[in-house]
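> Below you'll find the structure I mean.
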Amino acid sequence: MDEVDFETLLARLPVSWWKTDADSGRLRSGGGAFADEHMAHRFLKALSADDAPSGGGARPGDGPRRTRFEGRTFDVTWSARGGDTGRGGSRGVAVEVGGGAPAGAGAYASFADLSPAAMFVRDAAGCYVWANHAYAHLYGTTRDRMVGRHLGEFDAPDDAARFLALDDEILTGGRSLRHTLTYRRPDGSPGHAAGYRFPVSWGALRCVAGTYVDVTEYVHALDGRRRAEEDLRALRDRSGLPCVRLSADGVVGEASTAAAELLRLRPSDLVGTPADAFLAESPERAALHAVWRELTGGRRRNAQSGAVLVDGDRRLRRVWVHLSVAHRTRGRDAGVWAVVTRPGLSHEPHPVLTPAQVRILALLAAGHDNAGVAAALRLSRQTVDYHLARLRRLLGAATRPALVARAYVLGILSPHSWPPRSPTAAHPLSPA
1 MDEVDFETLL
11 ARLPVSWWKT
21 DADSGRLRSG
31 GGAFADEHMA
41 HRFLKALSAD
51 DAPSGGGARP
61 GDGPRRTRFE
71 GRTFDVTWSA
81 RGGDTGRGGS
91 RGVAVEVGGG
101 APAGAGAYAS
111 FADLSPAAMF
121 VRDAAGCYVW
131 ANHAYAHLYG
141 TTRDRMVGRH
151 LGEFDAPDDA
161 ARFLALDDEI
171 LTGGRSLRHT
181 LTYRRPDGSP
191 GHAAGYRFPV
201 SWGALRCVAG
211 TYVDVTEYVH
221 ALDGRRRAEE
231 DLRALRDRSG
241 LPCVRLSADG
251 VVGEASTAAA
261 ELLRLRPSDL
271 VGTPADAFLA
281 ESPERAALHA
291 VWRELTGGRR
301 RNAQSGAVLV
311 DGDRRLRRVW
321 VHLSVAHRTR
331 GRDAGVWAVV
341 TRPGLSHEPH
351 PVLTPAQVRI
361 LALLAAGHDN
371 AGVAAALRLS
381 RQTVDYHLAR
391 LRRLLGAATR
401 PALVARAYVL
411 GILSPHSWPP
421 RSPTAAHPLS
431 PA
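Using the UniProt record's numbering, you'd call the opening residue of the sequence shown number 1 and step up by one each time.
Structure, rendered in C-alpha cells:
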C-alpha cells in the first residue's frame, strides 16, 4: 500500500494525522476525525497551547498521551521526523477513543459553532463537553479552554451551586426549561441571560444542554425606563405641580393630586374626562385648540398658551399651560403632558367688559383719579363718570377701592404684572 492509498484509508477513520517541515513551514494534514481542515488546524493549535506554558508536556519525540478537545478524547503520538529532533519538522497522529461526541454531533457543532446565541453541553458532574464561541465569550475566554473543565472554575461558588442544582433538576425531570438567569461577568459586573436548558444524550453520557441570549443591555434599558417612570411619577404626585397626561383626542389619562385640587375635583373624576370640559369660553380657548392641532399633528413638540379653567364649583381661574408631546412607547399610546403654572385667583364668571372699561379699571388700579383717567383716555369727565357708575353695577362694588379689588378677584386684571393690565393684553405695555 503506497502513501496515497494509506491517506485515503485514514480519511474514513476517526484519526487525524499531520506533517510539518521546519524549513518551509508547510503543514499537511488529513484523516476523518474532523469535519474540515480548519478544525484540524485548531486542534493542532490547542495541542501547542497546552504544551507551551509548562515546558514539561509532550513534545516531538515523546510517547503517546491522552488529551481532550471540544468534548472528544484523543490518544496523541507526536514525534520528530525521522526520529531526530535536530533535523526540524515533526509528524503526529491523533486517534479518537471512547467517550466522544455522538454520531452527527460534528454537523451540529459546525452549525452552532458561530451562532450568536451562547450554547453549551455539560455532563452530570458539571464538566463542559462542548461550548461554542459565544458562550465562551460571556466568560472572557475561549471554548477550547472551557471544554473538559468544571463550571466551578468559571463561576463563583454560589452561582456554580445554583447552576448544578438546575442541571440536576433538568436531568431528573427529563424536560426542557425556559428561564432567565444571572451570572457574573469577567469584570465582576452582573450579567443576565435568557434561554432554554434541556437534557441531551452525548455519546454514552447523559448531559444538559443550554442555549442562551445575553440580555444584559436589555435589562439595563428596562431598569433605566423603570427609574425614569418612577421619577416622573414622583414628580407628578409630590412636586405640587398641577399636571395631566392627555391622550391624542384630548381625554385625561393621568392627573396629579395638585391638578385635582386646582379644579376642586377628585383625581378619579378627572381621569377619562375630555379636557375641553375644563376650559371656559374665552379667546384663549380657540388659540389653545390651534396649538393642540399642531402638537398632535407632529408640527411642534412643545408649546405654551394661556387658558381659563372652570373648576368643579363653576368658578374661573386664568392659568398658563405648558404642553409637551409624549411619544408612543410599548403598552402606552402617544399623548401630551400639560403642566399648569402661574395660576390666577379663582373667581366667579364676570360680565363681558369693553376694552375701554378694562382700561379704566387698569388706570384706577395704578392710582389715577377721575381727571387722570379722562386725560389718559381722552374722554370727558361725564363719560368717565358714566363708565364708573356702570362698572359699579356690573361688578357689585360700591367704592373705587372695592372696584379695583373686584377687578383682581374676578381675573379682569392680572395679579402678576405692573403696571396693571388685563391677562389677555396683546402687548405688555397695553392695559387691555
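Cβ atoms here follow ideal geometry from the backbone N, Cα and C, with glycine treated the same way.
1) How would you call His416, buried or exposed, if buried means at least 16 neighbouring beta carbons within 10 angstroms?
2) Leaving out five residues before and five after Gln357 in sequence, what residues of the same chain have Cβ atoms less than 7 Å from its Cβ?
3) Leaving aside the five residues before and after His192 along the sequence, list all residues of the same chain whose C-beta is less than 7 Å from its C-beta, in chain order.
4) Check for me: the beta strand (DSSP E) holding Phe120 runs from which residue to which?
5) Quick check on the DSSP output: the beta strand (DSSP E) that includes Pro267 runs from which residue to which?
6) Would you mind listing the alpha helix (DSSP H) stretches within the region 319-395 that are 4+ residues and don't spill past its ends, in chain order?
7) State buried or exposed for Asp231, treating a residue as buried only when at least 16 other CB atoms are found within 10 Å of its CB.
8) Confirm, please, whether the CB-CB distance from Asp144 to Asn132 is below 8 Å.
9) Run through DSSP, which three-state label would His150 get?
10) Excluding the 5 residues flanking Val341 on each side, which residues of the same chain have their C-beta closer than 6 Å to its C-beta?
11) Go to Ala156, then tell me how far its alpha helix (DSSP H) extends in each direction, as first and last residue.
12) Along the beta strand (DSSP E) that carries Glu254, what are the first and last residues, could you check?
13) Please name the residue or residues paired with Arg66 in a DSSP beta bridge.
14) Expressed to the nearest angstrom, what Euclidean distance is found between the alpha-carbon atoms of Asp158 and Arg122?
15) Is the beta carbon of Val339 less than 8 Å from the beta carbon of Leu241?
16) Cys127 and Gly148 - do their beta-carbons sit closer together than 8 Å?
17) What is the rounded straight-line gap between the Cα of Ala248 and the Cα of Gly335?
18) How many Å lie between Ser380 and Ala374 at the Cα?
19) Once you ignore the five residues that flank Asp369 on each side, which residues in its own chain have a CB closer than 6 Å to its CB?
20) Hey, would you say Ser48 sits closer than 8 Å to Ala33, going by beta carbons?
21) Comparing C-alpha positions only, which one of Val97, Ala124, Ala134, Val129 sits nearest to residue 434?
22) Apart from the five residues just before and just after Gly152, which ones in its own chain have a Cβ nearer than 8 Å to its Cβ?
23) Which of helix, strand or coil does DSSP assign to Tyr135?
24) Between Tyr408 and Pro343, what straight-line distance do the alpha-carbon atoms span, to the nearest angstrom?
25) Strictly by DSSP, which residues pair up with Phe198?
26) Answer yes or no: do Arg206 and Leu166 have a C-beta to C-beta separation smaller than 8 Å?
27) Which class does Leu13 belong to by DSSP, given the choice of helix, strand or coil?
28) Ordered along the chain, which non-local residues of its own chain (more than five positions away) have a Cβ less than 6 Å from that of Gly250?
29) Quick one: give me the first and last residue of the beta strand (DSSP E) that His179 is part of.
30) Note down, in chain order, each residue of its chain lying with its Cβ closer than 6 Å to the Cβ of Ala280, except the 5 sequence neighbours on either side.
31) Which word fits Ser189, buried or exposed, when buried means at least 16 other C-beta atoms lie within 10 angstroms of its C-beta?
32) To the nearest angstrom, report how far apart Arg421 and Ala362 are at their CA atoms.
33) Sorted by chain position, which residues of the same chain lie with C-beta nearer than 7 Å to Val352's C-beta, five sequence neighbours on each side aside?
34) Give the range of the alpha helix (DSSP H) segment to which Leu222 is assigned.
35) Please go through the same chain and pick out, in chain order, the residues whose beta-carbon is closer than 7 Å to the beta-carbon of Arg245, but skip the five residues on each side of it.
36) Between the Cα of Leu27 and those of Gly173, Ser201, Arg91, Gly297, spot the shortest distance and give me the residue it belongs to.
The answer reads as follows:
1) Start at 1 with the first residue of the sequence shown, and residue 416 comes out as number 416. Burial call: exposed.
2) Reading the sequence shown from its first residue, position 357 is the one you call residue 357. Cβ within range, chain order: His387, Leu391.
3) Position 192 of the sequence shown holds residue 192. Taken in chain order, the residues that qualify are Thr180, Thr182, Val215, Thr216, Val219.
4) Numbered from 1 along the sequence shown, position 120 holds the residue referred to as residue 120. It spans 118-123 - the beta strand (DSSP E) in which Phe120 sits, taken as one unbroken run.
5) One-based indexing of the sequence shown puts residue 267 at position 267. Counting along the chain, Pro267 falls outside any beta strand (DSSP E), though it belongs to the alpha helix (DSSP H) covering 267-270.
6) 355-365, 370-377, 381-395
7) Against the sequence shown, residue 231 aligns to sequence position 231. Within 10 angstroms of the beta-carbon of Asp231 lie fewer than 16 other beta-carbons, which makes it exposed.
8) Taking the first residue of the sequence shown as 1, we reach residue 132 at position 132. Taking the first residue of the sequence shown as 1, we reach residue 144 at position 144. Going by C-beta atoms, Asn132 is not nearer than 8 Å to Asp144.
9) As a working note, residue 150 is residue 150 in the sequence shown. Three-state result, His150: strand.
10) Along the sequence shown, one-based indexing puts residue 341 at 341. The residue you asked about is not Val; residue 341 is Thr in the sequence shown. So the list reads Trp320, once near-sequence residues are dropped.
11) Sequence index remark: in the sequence shown, residue 156 carries index 156 (1-based). For Ala156, there is no enclosing alpha helix (DSSP H), as DSSP marks it with neither H nor E.
12) Within the sequence shown, numbered from 1, the residue matching residue 254 stands at position 254. Annotation for Glu254: the continuous beta strand (DSSP E) segment containing it runs 252-255.
13) Translated into positions along the sequence shown, residue 66 becomes position 66. Answer is Asp75, bridged to Arg66.
14) Within the sequence shown, residue 158 is the residue found at index 158, counting from 1. Within the sequence shown, residue 122 is the residue found at index 122, counting from 1. Each residue's alpha carbon lies about 18 Å from the other.
15) Residue numbering aside, residue 339 sits at position 339 when the sequence shown is read from its first letter. Residue numbering aside, residue 241 sits at position 241 when the sequence shown is read from its first letter. Against a cut-off of 8 Å, the Cβ pair of Leu241 and Val339 comes out as a contact.
16) Mapped onto the sequence shown, residue 148 falls at position 148. Mapped onto the sequence shown, residue 127 falls at position 127. Cβ atoms of Gly148 and Cys127: closer than 8 Å.
17) To locate residue 248, count along the sequence shown from 1; it is residue 248. To locate residue 335, count along the sequence shown from 1; it is residue 335. Cα to Cα, the separation comes out at about 5 Å.
18) Residue 380 sits at position 380 when you count from the first residue of the sequence shown. Residue 374 sits at position 374 when you count from the first residue of the sequence shown. If I take the Cα positions, the gap works out to 6 Å.
19) Residue numbering aside, residue 369 sits at position 369 when the sequence shown is read from its first letter. Correct list: empty, nothing qualifies.
20) By 1-based counting over the sequence shown, the position of residue 48 is 48. By 1-based counting over the sequence shown, the position of residue 33 is 33. Going by C-beta atoms, Ser48 is not nearer than 8 Å to Ala33.
21) Shown here, the chain extends from 1 to 432; a query on residue 434 therefore has no answer.
22) Taking the sequence shown and counting its residues from 1, the one referred to as residue 152 is at position 152. Excluding residues within five positions, the ones whose Cβ falls inside 8 Å are Gly126, Ala160.
23) By one-based count along the sequence shown, residue 135 stands at place 135. Three-state DSSP puts Tyr135 in a helix.
24) One-based indexing of the sequence shown puts residue 408 at position 408. One-based indexing of the sequence shown puts residue 343 at position 343. Straight-line Cα distance between these residues: approximately 13 Å.
25) As a position in the sequence shown, residue 198 is number 198, starting the count at 1. Residue pairing for Phe198: DSSP places it in a beta bridge opposite Ala209.
26) Here residue 206 is taken as the residue at index 206 of the sequence shown, counted from 1. Here residue 166 is taken as the residue at index 166 of the sequence shown, counted from 1. No, Cβ-Cβ distance for Arg206 and Leu166 is not below 8 Å.
27) Translated into positions along the sequence shown, residue 13 becomes position 13. Leu13 carries a coil assignment under DSSP once its states are collapsed to helix, strand and coil.
28) The count along the sequence shown starts at 1 and reaches residue 250 at position 250. Closer than 6 Å at the Cβ level, and outside the excluded window around Gly250, lie Pro274, Ala275.
29) If you number the sequence shown from 1, residue 179 lands on position 179. Where His179 is concerned, the enclosing beta strand (DSSP E) stretches over 177-184.
30) Position 280 of the sequence shown, counted from the start, is the residue given in the question as residue 280. Apart from sequence neighbours up to five positions away, the residues of its chain that approach Ala280 with a beta-carbon distance below 6 Å are Val308, Val310, Leu316, ordered along the chain.
31) Counting from 1 along the sequence shown, the entry for residue 189 is found at position 189. That one is exposed.
32) The residue given as residue 421 occupies position 421 in the sequence shown. The residue given as residue 362 occupies position 362 in the sequence shown. Their backbone Cα atoms lie some 6 Å apart in a straight line.
33) Stepping through the sequence shown from its first residue, residue 352 is reached at position 352. Cβ within range, chain order: n/a, list empty.
34) In the sequence shown, counting from the first residue as 1, residue 222 sits at position 222. Residues 216-238.
35) Along the sequence shown, read from residue 1 onward, the residue named residue 245 stands at position 245. Excluding residues within five positions, the ones whose Cβ falls inside 7 Å are Gly253, Glu254, Ala326, Gly335, Trp337.
36) Numbered from 1 along the sequence shown, position 27 holds the residue referred to as residue 27. Nearest in C-alpha terms to Leu27, of all of Gly173, Ser201, Arg91, Gly297, is Arg91.
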